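In the UniProt record's numbering, the protein residues as written are 1 to 269.
One structure below.
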Amino acid sequence: MNGKKVLFVSSELVPYLPENPVSLMSYEAPRMVNSSGGQIRIFMPRYGNINERRHQLHEVIRLSGMNLVINDMDMPLIIKVASIPRERIQVYFIDNDEYFKRKATFRDSEGNLFPDNDERAIFFAKGVVETVKKLNWSPDIIHVHGWMASLLPLYLRKYYSDEPLFADSRIVTSVYGKGFEGNLDMEMINKIAFDGIDKDEISALVQPDYNNLLKVAVDHSDAVILASDELEGDLKEYIDNLSKPVLPYVTLQEAEEAYTNFYKTEVLK
Numbered sequence: 001m002n003g004k005k006v007l008f009v010s011s012e013l014v015p016y017l018p019e020n021p022v023s024l025m026s027y028e029a030p031r032m033v034n035s036s037g038g039q040i041r042i043f044m045p046r047y048g049n050i051n052e053r054r055h056q057l058h059e060v061i062r063l064s065g066m067n068l069v070i071n072d073m074d075m076p077l078i079i080k081v082a083s084i085p086r087e088r089i090q091v092y093f094i095d096n097d098e099y100f101k102r103k104a105t106f107r108d109s110e111g112n113l114f115p116d117n118d119e120r121a122i123f124f125a126k127g128v129v130e131t132v133k134k135l136n137w138s139p140d141i142i143h144v145h146g147w148m149a150s151l152l153p154l155y156l157r158k159y160y161s162d163e164p165l166f167a168d169s170r171i172v173t174s175v176y177g178k179g180f181e182g183n184l185d186m187e188m189i190n191k192i193a194f195d196g197i198d199k200d201e202i203s204a205l206v207q208p209d210y211n212n213l214l215k216v217a218v219d220h221s222d223a224v225i226l227a228s229d230e231l232e233g234d235l236k237e238y239i240d241n242l243s244k245p246v247l248p249y250v251t252l253q254e255a256e257e258a259y260t261n262f263y264k265t266e267v268l269k
């Protein structure tokens, strides 16, 4: 991976959020690429339960200040950065007071999904792309982790299809076990269609549950990694029927060799 540019976009990341399969692999995969000479950038949302003082987050004024249109509303984009000290890895945080100031990630104090999680996912996808454009950094690989990041492949392939910075980028989506129960907002398909994306491309989101969100993600990716040994419902069968490279589940101990080989032989071929 020496010299290759890899953009990691994740819903969660240790040490900023508690350890789980998504947050741990979202840390380990960039660490692997970084240690093998690759160039990396990591993006995640700046949830309100991330301790900015402890992790030394600070706003990057030159990257902030843009408004993103979400369902006909102007939403200011704020970019913050921090470093994971022991790895010397810089992390970019997508922030907005309306979407990410609350002191939680995906659910309220009663365990209910936030009703605007769909808009938060749209904002995150657009915010990542617009920030990478400002950085003028053209990645060889874009690796997506977690459902909050799962709209990125769709937006790159459809909304930003004419953006030359990503013309040669290859998109990889890691698919994890069940991310949430129930549905996101039932108007999600219309909010995405507002951006000029054909509803035929996102017909699965008539029912915006976890599996259908990931189906849209893998449909618009170049390759898929199974990041859990068990997937619920028909998602595993759906992925098995894709005509694109799929890396079967491997343990964390096997991941460095398996992911590196997959990047080199299947994604970048």
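All residues carry an ideal CB built from backbone N, CA and C; glycine is no exception.
Predicted, not measured: the structure shown is a model, and the values here were computed from it.
When the options are compared against residue i, the one with the closest alpha-carbon
i	options	result
Trp137	Ile197, Gln39, Glu19, Ser35	Gln39
Asp222	Leu165, Val144, Met188, Ala258	Val144
Ile94	Glu87, Ile79, Arg107	Ile79
Ala82	Asp74, Glu28, Val14, Met75	Val14
Val6	Pro21, Leu57, Arg170, Glu119	Arg170
residue 276	Ile50, Thr131, Glu181, His220	Lying outside 1 to 269, the shown extent of the chain, residue 276 is not represented and no answer is given.
Ala111	Gly182, Lys264, Ile239	A small correction: the amino acid at residue 111 is Gly; Ala does not occupy that position in the sequence shown. Ranking the options by Cα distance to Gly111, first place goes to Gly182.
Asn34	Glu87, Val9, Gly65	Glu87
Arg157	Gly3, His55, Val218	Val218
Phe8	Tyr92, Tyr47, Ile239	Tyr92
His220	Asn67, Leu152, Glu266	Leu152
Pro21	Thr251, Lys133, Asp162, Val206	Thr251
Phe123	Gln56, Ser109, Leu268, Asn96	Asn96
Pro164	Arg62, Leu24, Pro139, Pro248	Pro139
Gly3	Glu12, Tyr99, Ile141	Ile141
Leu226	Pro85, Tyr176, Tyr99	Tyr176
Ser243	Asp229, His58, Val224	Val224
Leu17	Arg41, Met1, His55, Ser36	His55
Leu63	Phe106, Lys133, Ser36	Lys133
N-terminal and C-terminal residue of the beta strand (DSSP E) that residue i is part of
i	result
Met25	Taken as a continuous stretch (DSSP letters only), Met25 belongs to no beta strand (DSSP E), being part of the alpha helix (DSSP H) at 21-35.
Leu226	223-226
Ala82	78-84
Ser174	170-175
Val144	141-145
Extent of the continuous alpha helix (DSSP H) to which residue i belongs
i	result
Asp95	That residue, Asp95, is in no alpha helix (DSSP H); its beta strand (DSSP E) goes 89-95.
residue 271	No answer is possible for residue 271: the residues shown for the chain start at 1 and end at 269.
Ile197	Note, Ile197: premise wrong, no alpha helix (DSSP H); not H, not E.
Lys236	235-240
Phe166	Taken as a continuous stretch (DSSP letters only), Phe166 belongs to no alpha helix (DSSP H), as it is neither H nor E.
Leu7	Per DSSP, Leu7 belongs to no alpha helix (DSSP H); it is in the beta strand (DSSP E), 5-10.
Thr260	252-262
Collapsed DSSP secondary structure at residue i in the structure displayed
i	result
Val132	helix
Gln39	strand
Val246	strand
Asn183	strand
Met1	coil
Ile156	The sequence as given places Leu at residue 156; Ile does not occur at that position. Of the three classes helix, strand and coil, the one that applies to Leu156 here is helix, per DSSP.
Task: Segment contact, 8 Å Cβ cut-off, at least three pairs: the region 250-265 with the region 20-39 - done: Taking a contact to require three or more Cβ pairs closer than 8 Å, the region 250-265 and the region 20-39 qualify as touching.
- [ ] List in chain order: all unbroken alpha helix (DSSP H) runs of 4+ residues lying wholly within the region 46-81.
- [x] As for any alpha helix (DSSP H) of minimum length 4 sitting wholly inside the region 46-81, the runs are 52-55, ordered along the chain.
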